[in-house]
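Here the working numbering is used: the first residue of the sequence shown is 55, the next is one more, and so on.
Yeah, the Cβ is synthetic: ideal placement off N, Cα and C, and Gly gets one too.
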Amino acid sequence: MSKSVDLAALIRDRAGDKAPEYGLILGSGLGHLSAQVDGTAIPYDELPGFPHASVSGHVPQLVIGELEGRRVAVFGGRSHYYESGRADAMRLPLETLAALGTKKLILTNAAGSLRPDIPPGGLMLLDDHIAFAGTNPLIGEATDARFVPMTDAHDTQMRDAFSAAAQAEGIDLPEGVYCWFSGPSFETPAEIRAARTLGADAVGMSTVPEIILGRFLGLRCAAISVITNMGAGLSDESISHDHTKAMAPIGASKLETVLRRFLRDAQDR
Ligand code: HPA
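The following block contains the structure:
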């Protein structure tokens, strides 16, 4: 934990002492949101041990500042399991967030939809998830704290607040189950059918390890997917990372509206 305490001290030196109320992790094609925050940007390069976010569409910097009057810590990029084979690739950034005194974590990602009523360009609020990648970021954690209950992994109050914010803005925000595949290859049509049979509504390559780590660290978590495509085999469109990056801005502008409203209307909940 001491590395994260040192990093938190470094960040406080640069950005001030006030604890961010929310941590926000931005997914593929959503990195530009960090530029909307009025505050101090610190490139991951200057935070020893932070990941080299190597995926295009991510902006590898931490920005601490104000968004809609709330103090936020925005991670412009994340590290994925498929980059290193380490499911705990985001552990140090999240430990650092907790060491800064932050209690709430908002995660965003790009995802493929399994439901015709949640089309590309739309959003989905995660009400649960399936860790289908078959690994866990807490493997190797030696303390009993590793036995994290996941029943309330997706915080009810934060979800209600996101739903209210979306409704107030007239933006559809259906809830659904996100299924975590390791990537980096996309799914096969058979895998998509399997995920649907298992109860998933969307698929993606991130977020779930961060929710597990977030709960481990005592953070309340909520996550929203920006739907960039239908899952493999569910439509004729091609699935590619370029397509993800091209489609993400459409949902991202809705996400930004919902997020701003969420923050503006946030009580101390
Ligand atoms: N599968 C996995 N990850 C994704 C997808 C998908 O279809 N779209 C965007 N990220």
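Secondary structure note for residue 174: it is in no alpha helix (DSSP H), with a DSSP letter that is neither H nor E. One residue list follows from the rule of a beta carbon closer than 6 Å to any heavy atom of ligand 1, given in chain order as 164, 165, 166, 235, 240, 241, 257, 258, 259, 282, 283, 285, 293, 298. Taking each of 118, 187, 264, 152 in turn and checking the Cα distance to residue 234, the smallest one comes out for 187. For residue 141, the closest of 306, 105, 169 by C-alpha to C-alpha distance is 105.
DSSP places residue 98 in no alpha helix (DSSP H); its state is neither H nor E. Straight across, the Cα-Cα distance linking residue 127 with residue 280 is about 20 Å. Sequence-distant Cβ neighbours of residue 94 in its own chain, meaning closer than 8 Å and more than five residues away, are 68, 69, 70, 117, 118, 119. Approximately 21 Å separates the beta-carbon atoms of residue 287 and residue 228; this is outside 8 Å, ruling out the contact. Take residue 319, set aside five residues on each side of it, and the residues of its chain with a beta-carbon closer than 8 Å to its own are 215, 218, 219, 222, in chain order.
Per the coordinates, the alpha-carbon of residue 194 lies some 40 Å from the alpha-carbon of residue 226.
Between residue 137 and residue 210, the alpha-carbon positions lie close to 31 Å from each other.
Excluding the 5 residues flanking it on each side, residue 205 has no same chain C-beta neighbour closer than 6 Å.
For residue 178, the secondary structure class from DSSP, reduced to helix, strand or coil, is strand. With a threshold of 16 other beta carbon atoms within 10 Å, residue 197 falls short and is exposed. Across the structure, residue 148 and residue 176 are spaced so that their CA atoms are roughly 27 Å apart.
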